[in-house]
Structures are given as structure tokens and as C-alpha cells.
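The structure under discussion appears below in the form of C-alpha cells.
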Amino acid sequence: MAKSYRNGKGSLPLVIAGLVIVLLFLGLARFSAWQRQAIPTFDEERRQTRLKNLADLYADNDKVLNHYHWIDRQKGVVGVPIERAKQLIIADLEANKPHPAGLINPPAPAPATNNAPAPTANPSASPSPAAGLPPASPAPAAAAPPAPVVNPQSVPAPASAPPSQPTPAPQSNPAPPAGDASPAGTPASTPPPK
Numbered sequence: 000m001a002k003s004y005r006n007g008k009g010s011l012p013l014v015i016a017g018l019v020i021v022l023l024f025l026g027l028a029r030f031s032a033w034q035r036q037a038i039p040t041f042d043e044e045r046r047q048t049r050l051k052n053l054a055d056l057y058a059d060n061d062k063v064l065n066h067y068h069w070i071d072r073q074k075g076v077v078g079v080p081i082e083r084a085k086q087l088i089i090a091d092l093e094a095n096k097p098h099p100a101g102l103i104n105p106p107a108p109a110p111a112t113n114n115a116p117a118p119t120a121n122p123s124a125s126p127s128p129a130a131g132l133p134p135a136s137p138a139p140a141a142a143a144p145p146a147p148v149v150n151p152q153s154v155p156a157p158a159s160a161p162p163s164q165p166t167p168a169p170q171s172n173p174a175p176p177a178g179d180a181s182p183a184g185t186p187a188s189t190p191p192p193k
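Residue numbers for the sequence shown follow numbering that gives the first Met the number 0, beginning at 0 and rising by one.
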């Protein structure tokens, strides 16, 4: 028997048997991996459900955002594609050019003081009114100007002041008359510099 091992004839069946065992093991491993992929697991089923829901959501969003559709058929409200809505909004914004904003809480106008003396009535200069007509009432512009409105939030009352003292009126700078200045900000009587 020692002679057969030296010639190499006895090891050939062992090598073939070893190769068959290795190939059989690899075949079983591959078969089990193929079976594992063929049988869906719980995670795979959930993944498929999520992918289907996501595809449905994308289809609904595409339908709502990119196609005309009824929002309320009874009221006649229609949804327009988002690109068309953008075009309509931009056209509307371009048509309404922005304008400067005014003051949110403008200061109360300063009461106009009339320092001119009141005209005296000269009975000989004017014709006498008819006997049946009452005398003319004074013009509404001569009525007393309204008292300035003080916003309580803008003028805080001092905590130590007694309540019987009146609070000071807010100071406002009157705007210059329109005839005194030109739009460029220089007096109207001087020529512009060259």
C-alpha cells in the first residue's frame, strides 16, 4: 500500500471526492441564496407598498400641479397648472407697479393760527341784506380747528408725575410749503448751477 501512495494513484480518488464535496457545498449555497431572494420578506413587502404609495402620490401631485382640474365644480372654481399661475401672477404684478408707501401713523396736522385781524363790517360799504333773510353764518373754515390727537403709546407718561398735570403734546416738524422749494431741493428763486 505504501507503494500506491508513492505513485499517486491512491490520492486521485480523494482529490476527486474533495472537489465533488466543494462543488456540492457551493451549489447548495447558491441554491439557498436564490431561494432567499425568491421569497419576499416582510421588509421587502413593506418596501414595495411604500414605493407604490410614493408613485401614486407623485402621480396625484403631477395631476394637481400640472393640469387643469376642478376644485369646486358647483362654485366654478378651477385649478390651473402652476406654470400658468406663475405667468398670471407675474403679469398682474407687472401691471401694478409698486408705489411708495405712506406713513402708517401720520402726525396730526398742526392747528393753523390765523394772525390776520378779522375784517370789520362797514355797513355803509355793503348793501343791506333783505329784511326776510337771516344774517349769513360764518364760513366753515373759520370754525375752531380740532384738538390734536395724542397717541397714548407714542407719548409715555412719566411714572412720578401726578395725574393732574397734562402730558406735553408731541412735537412735529411741519413740512415746508410747496411753493418755497423746487423738486430738486433748492429754492425756486435761484437758477440751477451750471
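All residues carry an ideal CB built from backbone N, CA and C; glycine is no exception.
Buried/exposed call for residue i, threshold 16 Cβ in 10 Å
{"i": "leucine 11", "result": "exposed"}
{"i": "proline 155", "result": "The predicted position of proline 155 is uncertain, since its pLDDT is 49 and thus under 50; a value taken from the coordinates is nonetheless stated next. When all chains shown are included, proline 155 counts as exposed."}
Residue i vs residue j beta-carbon contact at 8 Å
{"i": "asparagine 104", "j": "proline 80", "result": "no"}
{"i": "isoleucine 70", "j": "glycine 78", "result": "yes"}
{"i": "lysine 62", "j": "histidine 68", "result": "yes"}
Residue i: first and last residue of the uninterrupted beta strand (DSSP E) it sits in
{"i": "glycine 78", "result": "76-78"}
{"i": "isoleucine 70", "result": "68-71"}
Where the alpha helix (DSSP H) containing residue i begins and where it ends
{"i": "isoleucine 20", "result": "10-37"}
{"i": "leucine 102", "result": "It is not in any alpha helix (DSSP H) - leucine 102 carries neither H nor E in the DSSP assignment."}
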